[in-house]
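**Q** First the structure, then my questions, so here it is.
2 protein chains.
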Amino acid sequence: MNVAWIGTGVMGASMAGHLQRAGHALTVYSRTKAKSEALLAAGAAWRGSPRAAAEGADAVCTMVGYPADVREVILGRRGALAAMTRGALLIDFTTSRPDLAAEIASRAAARGVDALDAPVSGGDVGAREGRLSIMVGGEPAAYERALPLLQAFGKTIVLQGPPGAGQHTKMVNQILIASTMMGVVEAVRYAAASGLDAERVLQSVGGGAAASWSLQNLAPRMLKRNFDPGFYAKHLLKDLDIAIREARRMKLDLPALRLAQRRYRALVNGGWGDRGTHALLLLYEAMAARNGAT
Amino acid sequence: MNVAWIGTGVMGASMAGHLQRAGHALTVYSRTKAKSEALLAAGAAWRGSPRAAAEGADAVCTMVGYPADVREVILGRRGALAAMTRGALLIDFTTSRPDLAAEIASRAAARGVDALDAPVSGGDVGAREGRLSIMVGGEPAAYERALPLLQAFGKTIVLQGPPGAGQHTKMVNQILIASTMMGVVEAVRYAAASGLDAERVLQSVGGGAAASWSLQNLAPRMLKRNFDPGFYAKHLLKDLDIAIREARRMKLDLPALRLAQRRYRALVNGGWGDRGTHALLLLYEAMAARNGAT
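Residue numbers (my numbering), protein chains in the order written: chain R, 1 to 294; chain D, 1001 to 1294.
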């Protein structure tokens, strides 16, 4: 297929690379051209706007940062949709707003274009290894057509429902991650304050009912004081903001989610937005130091 | 060894049974004699008080409900310690207060008795299958002497530090469980409200960075509306109360733990204390219904 790929950050570049190696002809656009270098060196064509990249494409894939970016690269004046023709496929992999996904699907349908929202989970490693979980919202026929592309980098690929359902599913994922992370941070704080050897504590608590991916993968990084991003704190905050907005709309009270949002906002405001989500520990430490506590 | 076992609830009876099958001579006491029937039928001797059971024992094991029960069966007038002789071993498996564990160890030492706090994790299934995680606080020599007993039902057995360190480690475990459970409940609520098929959502989110033991084991029970206890909500509340008390003493601010404590208190006050910890979902639903929300 002729595939246009918009957005070549850490995730996008890995995912596009899998498509390229699977034999698809790539045309790319990214805000920072340097991030597309590896794809261009491997034969991808470059275009100066999402709209230019989308011309003649059988499928347009977007993987950008924030909902505003999604809106711009798809629906904007130089956005992809304006160049897409009847029968083409539009897949947004960005974690974004469910209502925006529905709006895009509706405006795409008006042009005869099938749109899917398909946010992913699995991080940089999952993208590199082609083992992402892809949560899809859209029409079943569009999903079937997209599957050969999704299979290039997805391991768990599930159609969750109509447009927006992929985003809602990703929100469920982030709600889980946020609460679990607070638990891991508070557990690490408690272990340290009570004089325990945290590494040894992990031996006791890591294999039972307290086990989680975050505990297994991120607690050891916290203990080594390695806060490099696997997933940016600022991006999790963006996701939590979306989830809170949706929860309000649905009149759902999710107090742990609200607490996590406040804490991650404080973390980002504190200058840690470009650290990993597990840098939440640094906020707890800073707040305690400010209060003269442990 | 001659082992006195005090407290034969679901966990205690399973654990004592493993000791019995490993060839130790058991003497038992429990508040409700009926709960000891299986052990008695298999050859255990019955005594009418912890003190009577402890007479002549090489090791006394306690597994009761609350810190007040621990105090009574060990330090009370008819408690075990008064009957124990120099060189005997006292192991409390109850999840209880770290400072009580330290007090017991100190009063035991004054009699020449070695005491260990050794709370467990792994639930009724782990106890039955002899695959518990045992978190031990106490002196290394006492730990070494206790190991043959602990190995009868423990899979992960770790000496965490001095008296009380086992209890502190268990608090770490419960802090993790409480936050993770709030995340699972809020995720289930969000999935339902947004019109997703929760079973299908679990396929997408269950295998990645959002994964946890609670999500894997308890979310499916929530979806089947099965709130039977694996672990009682009232017992988790007891543990959270202890953790909060300790956190205050250490001047640690753990807001997710505080939120969990408030929610579990409301759950128990609502009459759900004898349901499983995952019945937290029922509280969320009841609160929403009261507010006329989703």
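All C-beta atoms in this analysis are idealised placements derived from N, C-alpha and C, irrespective of residue type, glycine included.
What is the C-beta distance between D/I1332 and D/A1059, in whole angstroms, given that I count them as a contact (C-beta under 8 Å)?
**A** Because residue 1332 of chain D is not part of the residues shown, which for chain D are 1001 to 1294, the question remains open.
**Q** May I ask you to report which of helix, strand or coil DSSP gives R/G183?
**A** helix
**Q** Which residues of chain D have a Cβ atom closer than 8 Å to the Cβ of R/W213, listed in chain order?
**A** G1208, A1209, A1210, A1211, S1212
**Q** Locate the alpha helix (DSSP H) running through R/A115, then write down its first and last residues.
**A** Note, R/A115: premise wrong, no alpha helix (DSSP H); beta strand (DSSP E) at 114–117.
**Q** Taking the continuous alpha helix (DSSP H) assigned at D/K1238, which residues delimit it?
**A** 1233–1249
**Q** Could you name the residues of the segment 1254–1276 of chain D whose beta carbon sits closer than 7 Å to any beta carbon of chain R, in the order they occur along the chain?
**A** If you check each beta-carbon in the segment 1254–1276 of chain D against every beta-carbon of chain R, the ones closer than 7 Å belong to L1254, P1255, A1256, L1257, L1259.
**Q** May I have the straight-line CA-CA distance separating D/M1063 from D/V1184, to the nearest angstrom?
**A** 29 Å
**Q** Relative to the alpha-carbon of D/R1263, which residue among D/L1150, D/H1278, D/G1056 has its alpha-carbon at the smallest distance?
**A** D/H1278
**Q** Which word fits D/S1106, buried or exposed, when buried means at least 16 other C-beta atoms lie within 10 angstroms of its C-beta?
**A** exposed
**Q** Can you confirm whether R/Q203, when its beta carbon is compared against all beta carbons of chain D, has any partner nearer than 9 Å?
**A** yes
**Q** So with CB distances below 7 Å, who are the chain D contacts of R/R200?
**A** V1158, Q1160
**Q** Pull up the distance between the alpha-carbon of R/A83 and that of R/E72, whole angstroms please.
**A** 14 Å
**Q** Please confirm whether D/Y1284 has its beta-carbon closer than 9 Å to some beta-carbon of chain R.
**A** yes
**Q** Quick check on R/S201: buried or exposed, where buried means 16 or more other Cβ atoms within 10 Å of its Cβ?
**A** The sequence as given places Val at residue 201 of chain R; Ser does not occur at that position. Sixteen is the threshold: when 16 or more other Cβ atoms of the shown chains lie within 10 Å of the Cβ of R/V201, as they do, the residue is buried.
**Q** Which residues in the same chain have their Cβ closer than 8 Å to the Cβ of R/G273, if we skip the five residues on either side of it in sequence?
**A** Correct list, in chain order: Y232, A233, K234, L237, L267.
**Q** Taking the beta carbon of D/T1032 as the centre, do at least 16 other beta carbons fall within 10 Å, making it buried, or is it exposed?
**A** exposed
**Q** Should R/P163 be flagged as near chain D, meaning a C-beta pair shorter than 9 Å?
**A** no
**Q** Identify the contact partners of D/A1293 in chain R, using a Cβ-Cβ distance below 9 Å as the criterion.
**A** M250, K251, L252, D253
**Q** Flag this pair as yes or no: are the beta carbons of R/Q174 and R/L240 separated by less than 9 Å?
**A** yes
**Q** So if I threshold CB-CB distances at 7 Å, which residues from the segment 1132–1160 of chain D count as touching chain R?
**A** S1133, M1135, T1156, V1158, Q1160
**Q** D/Y1029 by DSSP, collapsed to three states: which one?
**A** strand
**Q** Mind listing the chain D neighbours of R/Y190? Cutoff is C-beta to C-beta under 9 Å, in chain order.
**A** H1168, M1171, V1172, I1175, A1243, E1246, A1247, M1250, L1252, L1254, L1257
**Q** With respect to the alpha helix (DSSP H) encompassing R/M15, which residues constitute its N-terminal and C-terminal limits?
**A** 10–21
**Q** Starting from R/W46, follow its DSSP beta bridges and name the residues at the other end.
**A** R/V28
**Q** Could you check if R/G137 is buried or exposed, using at least 16 other CB atoms within 10 Å of its CB as the buried criterion?
**A** buried
**Q** Near D/D1114, which residues of its chain fall below 6 Å by C-beta distance, leaving aside the five closest residues on each side in sequence?
**A** L1089, A1142
**Q** With D/G1164 and D/P1119 assumed to form a contact (beta carbons below 8 Å), what rounded beta-carbon distance in angstroms separates them?
**A** Rounded, the Cβ-Cβ distance is 11 Å, inconsistent with contact.
**Q** Under a Cβ-count criterion, where at least 16 other Cβ atoms within 10 Å of its own Cβ denotes burial, should R/K224 be classed as buried or exposed?
**A** exposed
**Q** Could you tell me the alpha carbon to alpha carbon distance between D/P1140 and D/Q1160, rounded to whole angstroms?
**A** 10 Å
**Q** Measure the C-alpha to C-alpha separation of R/W5 and R/M15 and round it to an integer number of angstroms.
**A** Going from the Cα of R/W5 to the Cα of R/M15 covers about 9 Å.
**Q** So what's D/S1194 in DSSP terms, helix, strand or just coil?
**A** coil
**Q** Which of the residues in the segment 12–32 of chain R, read from start to end, lie with their CB under 7 Å from any CB of chain D?
**A** none
**Q** Can you list, in chain order, the residues of its chain with a C-beta nearer than 8 Å to that of D/A1108? Leave out the 5 residues immediately preceding and following it.
**A** L1081, M1084, L1090, D1114, A1115
**Q** Restricting to Cα atoms, I'd like to know which of D/L1215, D/R1078, D/V1188 is closest to D/Y1284.
**A** D/V1188
**Q** Could you tell me which chain D residues have their CB closer than 8 Å to the CB of R/S121, listed as they occur along the chain?
**A** S1204, V1205, G1208, A1209, A1210
**Q** With distance defined between alpha-carbon atoms, name the residue in R/A34, R/L40, R/M182, R/G79 nearest to R/A25.
**A** R/L40
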